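Peer 1: Chains as they are written, first to last, in our numbering: chain G, 885 to 1517; chain R, 885 to 1517. For glycine and all other residues, C-beta sits at the position ideal for the given N, C-alpha and C. As the structure is a prediction and not an experimental result, all values here were calculated from the model.
2 protein chains.
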Amino acid sequence: MDSLTVTFEDYGIEAPAEAGESILEIAERAGVGIASYCGGQGTCQQCQVVVTSGEVQPKDEARWQQEIAEGGTKVLACQSLVSEDIAVKIPIRSRAGDFTVRGIEPLTGKLVDLGRFGPLTPLTRQFALSLAHPTRDDTISDLQRLRRALLDEDAELEPITIDLAVLRELPQALRENDFEVAVAVSDNGPTRKIAAVRPPAAADSSLGIAIDVGTSTVAVELVDLDSGQIVGGAIRRNGQIAYGEDVISRIVWTQQGPDRLQRMHQAIIDTLNELLSYLYEEHNVESKQVIAASVAGNATMINFLLRIDASPIRRTPHTPPATEMPVVTAEQLRLDIHPQAAVCVCHPAVSGFVGGDITAGVVATGMHKADELSLLIDVGTNGEIVVGNKDWLMCASCSAGPAFEGVGVEAAMPATAGAVTRFRYDGDEDAVEYESVAGQSPRGICGSGLVEMIASLAEIEVIDRTGNINSDFPSERICERNDELGFTLFWPDETARDEPIIIYQHDIENLLRSKAAVLAGITVLLNKLDLATTDVEQMYLAGAFGAGLDVDKAVAIGLLPDIPRERLEVVGNSALAGAYLTLMSRQARQQAQETVSAMTYLDLSSDTDFMDEFIASNFIPHTDLSRFPSVDM
Amino acid sequence: MDSLTVTFEDYGIEAPAEAGESILEIAERAGVGIASYCGGQGTCQQCQVVVTSGEVQPKDEARWQQEIAEGGTKVLACQSLVSEDIAVKIPIRSRAGDFTVRGIEPLTGKLVDLGRFGPLTPLTRQFALSLAHPTRDDTISDLQRLRRALLDEDAELEPITIDLAVLRELPQALRENDFEVAVAVSDNGPTRKIAAVRPPAAADSSLGIAIDVGTSTVAVELVDLDSGQIVGGAIRRNGQIAYGEDVISRIVWTQQGPDRLQRMHQAIIDTLNELLSYLYEEHNVESKQVIAASVAGNATMINFLLRIDASPIRRTPHTPPATEMPVVTAEQLRLDIHPQAAVCVCHPAVSGFVGGDITAGVVATGMHKADELSLLIDVGTNGEIVVGNKDWLMCASCSAGPAFEGVGVEAAMPATAGAVTRFRYDGDEDAVEYESVAGQSPRGICGSGLVEMIASLAEIEVIDRTGNINSDFPSERICERNDELGFTLFWPDETARDEPIIIYQHDIENLLRSKAAVLAGITVLLNKLDLATTDVEQMYLAGAFGAGLDVDKAVAIGLLPDIPRERLEVVGNSALAGAYLTLMSRQARQQAQETVSAMTYLDLSSDTDFMDEFIASNFIPHTDLSRFPSVDM
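1) Over what stretch of residues does the alpha helix (DSSP H) that includes K973 of chain G continue unbroken?
2) Throw me the rounded Cβ distance for the L1190 of chain G and L1048 of chain R pair, which I believe falls under 8 Å.
3) Just by C-beta distance, which residues in the region 1053 to 1086 of chain R are closer than 8 Å to chain G?
4) Give the C-beta separation of S1340 of chain R and Y1309 of chain R to the nearest angstrom, bearing in mind that I take them to be a contact with Cβ-Cβ under 8 Å.
5) Does the region 1222 to 1234 of chain G come close enough to the region 1178 to 1193 of chain G to have 3 or more Cβ pairs within less than 8 Å?
6) Per DSSP, what are the beta-bridge partners of Y1388 of chain R in this structure?
7) Identify which residue in G:P1376, G:I1386, G:C1282 has its Cα closest to the Cα of I1329 of chain G.
8) Drop a sphere of 10 angstroms on the beta-carbon of D1377 of chain R, count the other beta-carbons inside from all chains shown, and report buried for 16 or more, exposed for fewer.
9) Determine whether the Cβ of D1487 of chain R lies closer than 8 Å to any Cβ atom of chain G.
10) Please report how far the alpha carbon of G1442 of chain R lies from the alpha carbon of A1280 of chain R, in whole angstroms.
11) How close, in whole Å, do the beta carbons of N1457 of chain R and D1096 of chain R come, if the pair is a contact with beta carbons under 8 Å?
12) Within 8 Å, do at least three Cβ pairs link the region 1003 to 1010 of chain G to the region 1121 to 1130 of chain G?
13) According to DSSP, D1434 of chain G sits in a beta bridge with which residue or residues?
14) Starting from the N-terminal side, write out each stretch of the beta strand (DSSP E) that is 3 residues or longer and does not extend beyond the region 1030 to 1092 of chain R.
15) Which term fits H1167 of chain G, buried or exposed, when burial requires 16 or more other beta carbons within 10 angstroms of its beta carbon?
16) Which two residues bound the contiguous alpha helix (DSSP H) that contains R1308 of chain R?
17) For chain R, is any of its Cβ atoms less than 8 Å away from the one on A1206 of chain G?
18) Between G:T957, G:A919, G:P1210, G:T1019, which has its C-alpha nearest P1076 of chain R's C-alpha?
19) Does chain G have any CB closer than 8 Å to the CB of V890 of chain R?
20) Can you tell me where the beta strand (DSSP E) holding D1262 of chain R begins and where it ends?
21) Using only CA atoms, which one of G:P1074, G:V1065, G:Q1056, G:R1059 lies nearest to L1041 of chain G?
22) What did DSSP end up calling R1511 of chain G once you bin it into helix, strand or coil?
23) If we call anything under 8 Å between Cβ atoms a contact, is L1369 of chain G one with I1353 of chain G?
24) To the nearest angstrom, how far is it from the Cα of S1014 of chain R to the Cα of G1092 of chain R?
25) Counting only Cβ-Cβ distances shorter than 7 Å, please list the residues of the region 1406 to 1417 of chain R near chain G, keeping chain order.
26) Kindly confirm or deny that the region 1396 to 1414 of chain R and the region 1490 to 1510 of chain R touch, where touching means at least three C-beta pairs closer than 8 Å.
27) For the pair the region 1077 to 1085 of chain G and the region 1095 to 1113 of chain G, tell me if three or more CB-CB distances fall below 8 Å.
28) In chain order, which continuous runs of the alpha helix (DSSP H) of length 4 or greater are located wholly inside the region 1422 to 1490 of chain R?
29) Among the residues of its own chain, which have a CB less than 7 Å from the CB of C1282 of chain G, if the five just before and after it don't count?
30) Kindly indicate which three-state DSSP category E1313 of chain R falls into: helix, strand or coil?
31) Looking only at its chain, what residues have a beta carbon closer than 6 Å to the beta carbon of A1287 of chain G, apart from the 5 residues adjacent to it on each side?
32) How many Å lie between A1254 of chain G and V1515 of chain G at the Cα?
33) Is the separation between the beta-carbon of I1132 of chain G and that of R1198 of chain G shorter than 8 Å?
34) When Cβ atoms are compared, which residues of the region 1219 to 1252 of chain G fall closer than 8 Å to chain R?
35) Nearest CA to the CA of D1367 of chain R: which residue from R:Q1389, R:A919, R:T891?
36) Please return the same chain residues whose Cβ sits closer than 7 Å to the Cβ of T1305 of chain R, not counting the five positions on each side in sequence.
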């Protein structure tokens, strides 16, 4: 393999590259944030860069476009493959800060209420032990001595094991510290495991990481294992997005070369390590202080995280390699926490398409322990639905597509700086009402903004109930590109991009398909159970939409069924909340296991009812308006 | 570090070497058999070699000797350190074949009677499974599918785990073999573990290895795990002997440099791999067919095998790092069997000086399940004693020294070709009566021969009851070297060495010290329990002495106490037998654990009674003849 160098001039970064890689991939790996919402498909046109030295090769001749620009040649980073050393400039407007790590506010409230799970029993517990010195009357081995002291602290640690790597360090660790040691003990499922034996000061700080590996976005929280307090959190785009926007396209990508599974794996590890590095700096923490990691994610993401071939998920009948994963050490994954720290996928998956992120949501909402009939919808790149109560749980998944996550819609972007979160247009030519992240000029629109935008345009009939843009609508905002109608949401001088932000017909269709899949999934799942929407006593909306979502608007466009609003709760990242709970509580870990065993999976992919409902749900809000009595159309 | 080459001319071997290594060490690593019984101390004079090119450096100026010989300079290999490339010739008489692998007869009889342990449940069981193909109605994961099929075979396999390395191969292994697979499941102590998923033909042959890692000698047996049949066996000198003759000197050696623990570890791995390689060739077996290894050995040997610092064993109060070891994979040790095969130290140690080799002997003899009072003595490089019955067990160790194993006695050698096993001298000047291994001309004397030699010389008063050689004995065989008396056992023309085989005064003293330690250990242990020798209903002699030992002679010299001969059984390698039993039976593994928990250790090292008894036992057979009524002195 050739070893090339790509110089990112604006950043002073010289990134190593291999022939045949795209500039986008190389940038992603080097931590250079180039905007890309389409997963490197060449459709979103966000990733325009200027090659100032050297030449690039087209990925696909048929779709290739380049133009002379100031200082070089303007190309799409995702469509340009390197074959020699090149230098690249990234125009401001293409720097979406996409791969930038951003701090997030700690989760609060019911979802992370540890009180439900009894005493704190984190995934790794740390004990400050003062062992009896060996004497002629007490000659038991170092390991027995340690074990005896641990069982004195908590007899329920049995059976307790040790890995050879840790045992090898034990004799010296005990003697160097005069038998006063901090001992980290991981919960390894059926057994406990001695994970580290360190100087006593190590016990002063026991930290863990809760991880939500989303297809598009990865979120982590740094947690004090002694108190359960969340020290800080951060999110970043999943670096794997350079290899495909959804799980299927990523699986396909891994099958196209022998080293690709490893590269896919490395991309998520790099993403996580960058998040960790941010947290370490932000909170003045060293990696060795972090002695446990609890992970939630969908089946494909988890397989990639562990470098397991996920291709069976793609093939009918979509069986995953494993739903319940062995607890591994951070060293095995090269995750930048204590090398012997337990990395536990505490939330098993139910199936290839109902992953541990969903079962984490169940544990976090507590619906598996509730009397009332609850319904959980997690709208991410995929849409998953769980319905049930303490006695039974049923789940399904529907390929919603990542439109609401900011992928497949030209104007869309994740909820980072400059993203429009709230949107209202009343027909006034001059301006729209909006709010954006960090109050910045619009750069694009995130999930909640997209919902309000559709609702708003439908309300004043810029679009009709089928989503078609009304070309006769009396406004200069109506526009056209390549025979496709569009509607200008923001004029060039209003945006951070010096270009208009426009929603096109195909964007709206993508959004409607996404919402239709979710709605149809809910409807069919309830139908199969002979339940009506009105039977649902509590509904949780988790995932891409933050707490800022206007649920009235979500019902208005038919993303959510029309149920009394007080029964509807937007809960945010319940997968991360679930990872947090299982990081902190053995009881939560047990519940996660039990919940999965108790959950029945309904396969909608070949269900004719689902197809019918999907088509009917492609309307705003639905073909059958009687189901949306509160919506005034 | 310098990288040098030592050419062993007779073998055409160019061995890599580092400056400062002795020729003996280098030869050992290269598999070139140079005789050495003293552990490289420069005392046994066996390792004379001729340096034909280049110069060597003395290890110890004070003891250095070299002489001109045909073709070069004659030196002791153990005392000659390399500092440049050299070439070496090894005279025939110095090629003791010491490190040669030799086949052994399979163990038979009571010690390896599996009938005592119920149905066969080997350390790794292999199942030929035909899994249901995934369908739309049966979408459980690959791992669940495998687990379901395994539990259908045997519900008691729960809880069952899998290592990440094996899980990574699972999806492909299932699909390449159309879901017909051979699955190896290891017993991992508190859990079972899926160790390998392979094509169905792999289930046709399930082999395991029973290993006895002795301080001086390593023995292995290749076993058919389906039937328990012993396919073949082999022994070899432990390659670590170049680093010290006993456990203490080896521990000291490992503490003298940062890479030495690793080298000590590598020496035993190399020894084992050479034994395996012999068995594979001899029995037409491939390494991947071997899916389990059960190991017995003393605490130090086991720590070195796992590359754990054994130095705490050397320091008062001699606590070992661990007595019970984690089950590891062959890959972790680079042992040449299936990489994921379980390597299990199935016999825990009791203490730093009563190792798993002894607890293996207990399980093999069955004394832990017997009504009668039994006594087990294992005379190896160390001497260990267990006394008890099904209700209680007590043990002790005594540093017998390796004299009876062929170390520390100039004329001694292990029981390989040319070793004298039986010896009788009646005063006739011309010849002694003897038998030797493979009927070859005498090269040296092994354990049983040494016992008979002492008994014979004592009987006709060549030596008196204190072991002193009688200089007035009317024989030309009486000789002298450097003011030390000796007795010629074989004349030069009778031996394979073209030199006489002589026993010197200090050799006899070493042998008496060894036997005295064993006898004193037995006496004191029984005394502490208020038991007399006559209370012992069954006595087992295990270890260095083969079944050929004349027990009358062993009693005559006071190696064994004087008990009725029908109560005395020479059982051979009971450690290897124990390793075999635990390889084949879960019940044996459980008994091994329970036995150790039930065993009480008595520390004789600082016991004044022991010191008194040791001195009294330094006589033939003892100062107090009334304790040996059957011995006619």
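Peer 2: In terms of the structure at hand:
1) For this step, residue 973 of chain G is matched to residue 89 along the first sequence. Unbroken run through K973 of chain G is the beta strand (DSSP E), 970 to 973; no alpha helix (DSSP H).
2) Your numbering for residue 1190 of chain G matches position 306 in the first sequence. Your numbering for residue 1048 of chain R matches position 164 in the second sequence. The Cβ separation is near 6 Å, so the contact holds.
3) Within the region 1053 to 1086 of chain R, the residues whose Cβ lies closer than 8 Å to some Cβ of chain G are L1054, P1055, Q1056, R1059, G1073, P1074, T1075, listed in chain order.
4) On the second sequence, residue 1340 of chain R is found 456 positions in, with the first residue counted as 1. On the second sequence, residue 1309 of chain R is found 425 positions in, with the first residue counted as 1. Right, the Cβ-Cβ distance comes to about 5 Å (below 8 Å), so this counts as a contact.
5) yes
6) In the second sequence, the residue the question calls residue 1388 of chain R occupies position 504. Looking at the DSSP output, Y1388 of chain R sits in a beta bridge with R:G1370.
7) Counting from one through the first sequence, the residue named residue 1329 of chain G turns up at place 445. Nearest C-alpha to I1329 of chain G among G:P1376, G:I1386, G:C1282: G:I1386.
8) Numbered from its first residue, the second sequence carries residue 1377 of chain R at position 493. So D1377 of chain R counts as exposed.
9) In the second sequence, the residue the question calls residue 1487 of chain R occupies position 603. Yes, its Cβ sits closer than 8 Å to a Cβ of chain G.
10) Position 558 of the second sequence, counting from 1, holds the residue named residue 1442 of chain R. Position 396 of the second sequence, counting from 1, holds the residue named residue 1280 of chain R. Spanning the two alpha carbons is a distance of roughly 19 Å.
11) Position 573 of the second sequence holds residue 1457 of chain R. Position 212 of the second sequence holds residue 1096 of chain R. The Cβ separation is near 6 Å, so the contact holds.
12) no
13) Along the first sequence, one-based indexing puts residue 1434 of chain G at 550. Note: D1434 of chain G sits in no beta bridge, so no partner.
14) 1044 to 1046, 1064 to 1071, 1076 to 1082
15) Counting from one through the first sequence, the residue named residue 1167 of chain G turns up at place 283. The residue in question, H1167 of chain G, is exposed, as its Cβ has fewer than 16 Cβ neighbours within 10 Å.
16) Counted from its first residue, the second sequence places residue 1308 of chain R at position 424. Judged by DSSP secondary structure, R1308 of chain R falls outside any alpha helix (DSSP H) and instead within the beta strand (DSSP E) spanning 1303 to 1308.
17) Within the first sequence, residue 1206 of chain G is the residue found at index 322, counting from 1. With 8 Å as the cut-off, A1206 of chain G counts as an interface residue toward chain R.
18) Taking the second sequence and counting its residues from 1, one reaches residue 1076 of chain R at position 192. One point to set straight first is that residue 1076 of chain R is Arg, not Pro, in the sequence displayed. For R1076 of chain R, the nearest C-alpha among the options comes from G:P1210.
19) In the second sequence, counting from the first residue as 1, residue 890 of chain R sits at position 6. Cβ-Cβ to chain G under 8 Å: no for V890 of chain R.
20) In the second sequence, residue 1262 of chain R corresponds to position 378, counting from 1. Its beta strand (DSSP E) spans residues 1258 to 1263.
21) What you label residue 1041 of chain G is simply residue 157 of the first sequence in a count that begins at 1. Considering only alpha carbons, the answer is G:P1074.
22) Start at 1 with the first residue of the first sequence, and residue 1511 of chain G comes out as number 627. In this structure, R1511 of chain G counts as helix in the three-state DSSP scheme.
23) Position 485 of the first sequence, counted from the first residue, corresponds to residue 1369 of chain G. Position 469 of the first sequence, counted from the first residue, corresponds to residue 1353 of chain G. Going by C-beta atoms, L1369 of chain G is nearer than 8 Å to I1353 of chain G.
24) Along the second sequence, one-based indexing puts residue 1014 of chain R at 130. Along the second sequence, one-based indexing puts residue 1092 of chain R at 208. Roughly 24 Å between the two C-alpha positions.
25) none
26) yes
27) no
28) 1435 to 1440, 1458 to 1468, 1470 to 1482
29) By 1-based counting over the first sequence, the position of residue 1282 of chain G is 398. Here the set comprises G1267, A1401, V1402, A1404, G1405, L1488.
30) Within the second sequence, numbered from 1, the residue matching residue 1313 of chain R stands at position 429. Of the three classes helix, strand and coil, the one that applies to E1313 of chain R here is coil, per DSSP.
31) Along the first sequence, read from residue 1 onward, the residue named residue 1287 of chain G stands at position 403. Here the set comprises V1293, N1394, L1395, S1398.
32) Counted from its first residue, the first sequence places residue 1254 of chain G at position 370. Counted from its first residue, the first sequence places residue 1515 of chain G at position 631. Between A1254 of chain G and V1515 of chain G, the C-alpha separation is close to 30 Å.
33) The residue you call residue 1132 of chain G lines up with position 248 of the first sequence. The residue you call residue 1198 of chain G lines up with position 314 of the first sequence. Yes, Cβ-Cβ distance for I1132 of chain G and R1198 of chain G is below 8 Å.
34) A1233, S1235, G1236
35) Counting from 1 along the second sequence, the entry for residue 1367 of chain R is found at position 483. Its Cα nearest to that of D1367 of chain R, the residue R:Q1389 stands out among R:Q1389, R:A919, R:T891.
36) For the purposes of this step, residue 1305 of chain R is taken as residue 421 along the second sequence, with counting starting at 1. Hits under 7 Å: A1299, E1319, S1320, V1321, C1330, S1332, G1333, G1432.
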